[in-house]
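FYI, UniProt numbering numbers position 240 of the sequence shown as 240, with every residue one higher than the one before it.
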Amino acid sequence: MTVRLAVLFGGRNGEHDVSRRSAESILAHLDRDTYDVTEVLIERDGQWRVDGDRATFAQALRILGDQDVVFPALHGPYGEDGTVQSMLEWLGVAFVGNGVFASAAGMDKPVTKKLLAADGLRVAAGVTLRPDEELSSRDQQRLGLPVFVKPARAGSSLGVSKVERWAQLPAALRLARESDAKVLVERGVRGREIDVAVLEHPDGRVEAGPPLEIRVANAAFFDYDAKYDGGADFHIPAPLDPGTTRLLQDRAVRAFHALGCRGLLRVDFFLPDPDAEQGDGWTGDCREPVINEVNTFPGFTAASQYPQIWQRAGIGFSALLDILIEGALQRRDAVSPSPAPC
Numbered sequence: 001m002t003v004r005l006a007v008l009f010g011g012r013n014g015e016h017d018v019s020r021r022s023a024e025s026i027l028a029h030l031d032r033d034t035y036d037v038t039e040v041l042i043e044r045d046g047q048w049r050v051d052g053d054r055a056t057f058a059q060a061l062r063i064l065g066d067q068d069v070v071f072p073a074l075h076g077p078y079g080e081d082g083t084v085q086s087m088l089e090w091l092g093v094a095f096v097g098n099g100v101f102a103s104a105a106g107m108d109k110p111v112t113k114k115l116l117a118a119d120g121l122r123v124a125a126g127v128t129l130r131p132d133e134e135l136s137s138r139d140q141q142r143l144g145l146p147v148f149v150k151p152a153r154a155g156s157s158l159g160v161s162k163v164e165r166w167a168q169l170p171a172a173l174r175l176a177r178e179s180d181a182k183v184l185v186e187r188g189v190r191g192r193e194i195d196v197a198v199l200e201h202p203d204g205r206v207e208a209g210p211p212l213e214i215r216v217a218n219a220a221f222f223d224y225d226a227k228y229d230g231g232a233d234f235h236i237p238a239p240l241d242p243g244t245t246r247l248l249q250d251r252a253v254r255a256f257h258a259l260g261c262r263g264l265l266r267v268d269f270f271l272p273d274p275d276a277e278q279g280d281g282w283t284g285d286c287r288e289p290v291i292n293e294v295n296t297f298p299g300f301t302a303a304s305q306y307p308q309i310w311q312r313a314g315i316g317f318s319a320l321l322d323i324l325i326e327g328a329l330q331r332r333d334a335v336s337p338s339p340a341p342c
């Protein structure tokens, strides 16, 4: 039986183009004998298009609600942050990926850090600044240099700056606040940058893929240009000893459960240099990996980390899509119907 599938993409945020690239790859790898595909685009101005034709919001909702499953290939605010997930929950339609809570919590970096730390996972020291707040001299002394200044609720490294002199901080805060009034100032962690992909199979089994190491040659950090314009090299699997690989995979799965995730997650770690003072208040093993960020819907272009990790693990792009879609359908079928009103 053909599955009615809508791919939802675009969005009203700075990651609109990234979402379109992810959707292009997803659409190119879907088996059209298995899926009856409808393309639903949210334009930058919030207008909707269905298979290229302009649609009202009400028309788009009806079309989404008529699907067997929706694949929200959305990044950033108004897409990856629980907004669209809430709408799909309200429609009662199955959808790929994380639910409302995990999406919202995973999008807000300070909230993510609190939830992970509460579960005993290591995170970098940081300070959350709300509108009109500045970093105190006491916090500057505690964090030290360098620090990274990030919008609290944005992705793709939009608005992120590396501050190596405190004189650079005001400009970094202004840039971050162009994306979000709430800003995270985070201590830089010295070490290797490692990503781990987590995948939930339709039978409920949660698996972590082979770690990926990011090496950036011509940028201060893994910024937007390095991510999308070929400025970084990925090494899969990362050259690690088996014990460190298992440790990273275990922490990635723990993060998945700590945030209440389903379907998928990418966890971005720093593997700290044991000889460097990290200053994050961690009193455990200095080799414990530091969780930098999580991504509840990572990039899905053919060049993105998440599909590449699973390709290396033996799960091709099309098979990965099938697993995620089947998982969404299984969750729908497992939900008991609501009792009839009295």
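Think of the CB as a built atom: it goes at the ideal place given N, C-alpha and C, for glycine as much as any other residue.
Which listed residue (the options) has its alpha carbon closest to that of residue i
i	options	result
K182	L158, R62, E164, E133	E133
D139	L329, D280, N292, G316	D280
D275	G191, T128, D203	G191
E43	G10, R266, P77	G10
L175	E326, L158, D285	L158
K162	V267, L173, T128	L173
residue 427	H75, G120, R153, I323	One cannot answer for residue 427 here, as it falls past the ends of the chain, which runs 1 to 342.
V253	G327, D17, R312, P210	P210
E193	T83, I236, V84, L8	I236
D203	G155, I325, L135, Q85	I325
D33	D322, F148, G327	D322
L121	D268, G327, S136, W310	D268
P77	A104, W90, G327	A104
L145	Y35, S137, E164, D17	E164
R12	H75, G52, P131	H75
F148	T83, W166, Y35	W166
Whole-number beta carbon distance between residue j and residue i, since they are thought to touch under 8 Å
i	j	result
Q305	G314	Between G314 and Q305 the Cβ distance is about 17 Å, and since that is not below 8 Å, they are no contact.
L212	D195	5 Å
I291	V37	Actually they are not in contact, since the Cβ atoms of I291 and V37 sit about 35 Å apart, beyond 8 Å.
D68	L247	Not a contact, Cβ separation roughly 39 Å.
V216	F270	With 8 Å as the limit, V216 and F270 do not qualify as a contact, their Cβ atoms being about 13 Å apart.
G316	G263	The Cβ separation is near 18 Å, so there is no contact.
Buried or exposed (CB count within 10 angstroms, at least 16 for buried), residue i
i	result
W48	buried
F57	exposed
G126	buried
A6	buried
R251	buried
S19	buried
E200	buried
E15	buried
T283	exposed
E186	buried
T2	exposed
P272	buried
G97	buried
R142	exposed
R205	exposed
A334	exposed
R54	exposed
P289	buried
Straight-line gap, residue i to residue j (C-alpha atoms, nearest Å)
i	j	result
residue 346	V160	Summary: the structure shown does not reach residue 346, with the chain confined to residues 1 through 342, and so no result is reported for it.
V294	R287	20 Å
G65	A73	17 Å
Q308	A302	7 Å
S318	L265	18 Å
L116	L88	27 Å
Q168	E39	43 Å
A94	V198	20 Å
C261	A255	9 Å
G99	L259	10 Å
K150	L184	5 Å
F221	T112	Note that F221 scores 47 on pLDDT, short of 50, meaning its location in the model is unreliable and no value can be drawn from it.
Q59	V70	15 Å
H29	R4	16 Å
R332	G92	9 Å
S22	S179	21 Å
D119	H257	10 Å
L8	D17	13 Å
Quick one: any contact between the region 241 to 250 and the region 106 to 120, if contact means 3 or more CB pairs under 8 Å?
-> The region 241 to 250, when compared against the region 106 to 120, does not touch it at the 8 Å Cβ threshold.
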